[in-house]
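Below: one structure, written as structure tokens.
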Amino acid sequence: MFSYTPAEKRTRRQLVRKGARLALAGLPPEAAKERRIDRIDAAAEERGRRELNALHAVRETDRQAVATAKAQFRTAARGDRSAARQRVRDAEQQLRRSERAVDKAERQ
Numbered sequence: 001m002f003s004y005t006p007a008e009k010r011t012r013r014q015l016v017r018k019g020a021r022l023a024l025a026g027l028p029p030e031a032a033k034e035r036r037i038d039r040i041d042a043a044a045e046e047r048g049r050r051e052l053n054a055l056h057a058v059r060e061t062d063r064q065a066v067a068t069a070k071a072q073f074r075t076a077a078r079g080d081r082s083a084a085r086q087r088v089r090d091a092e093q094q095l096r097r098s099e100r101a102v103d104k105a106e107r108q
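When the letters of the sequence shown are read in order and numbered with full-length UniProt numbering, they come out as residues 1 to 108.
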């Protein structure tokens, strides 16, 4: 997964555009521009990997929260069951959101 900042997107786009113009003119690409693109890609890949790891950690935390909420629901007194049931629903909804975020990030 790559995670480019807006400035990196702009810079990378300009460098690729200049390289394409050179290629259309039949000139060899400039090595400095290619190295700069490679550095931008490497930084974006590292950032994306860190963000994906953070998303995985959030998902695991949410899974644990669902398990805890279910255990509290099962052990709740009769009067507290409706509030415990709502906590289970809220925890499951948060888990679905985090799972969607992880799935979306993994597809990119």
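Idealized CB from N, CA, C, for every residue including glycine.
Item to complete: Could you pull the start and end residues of the alpha helix (DSSP H) that Pro6 belongs to?
Response: Along the sequence shown, read from residue 1 onward, the residue named residue 6 stands at position 6. Looking at the DSSP string, the run of the alpha helix (DSSP H) that includes Pro6 is 6-24.
Worksheet entry | Leu95 - DSSP class collapsed to helix/strand/coil | By one-based count along the sequence shown, residue 95 stands at place 95. The answer is helix: DSSP assigns Leu95 an H, G or I state.
Worksheet item: Quick one: what does DSSP say Leu52 is sitting in, helix, strand or coil?
Response: On the sequence shown, residue 52 is found 52 positions in, with the first residue counted as 1. Of the three classes helix, strand and coil, the one that applies to Leu52 here is helix, per DSSP.
Fill in: Under the three-state DSSP convention, the category Ala76 falls into
Your numbering for residue 76 matches position 76 in the sequence shown. Looking at Ala76 - three-state DSSP - the assignment turns out to be coil, as it is neither helix nor strand.
Worksheet item: Nearest CA to the CA of Glu92: which residue from Arg107, Thr61, Arg81?
Response: Against the sequence shown, residue 92 aligns to sequence position 92. For Glu92, the nearest C-alpha among the options comes from Thr61.
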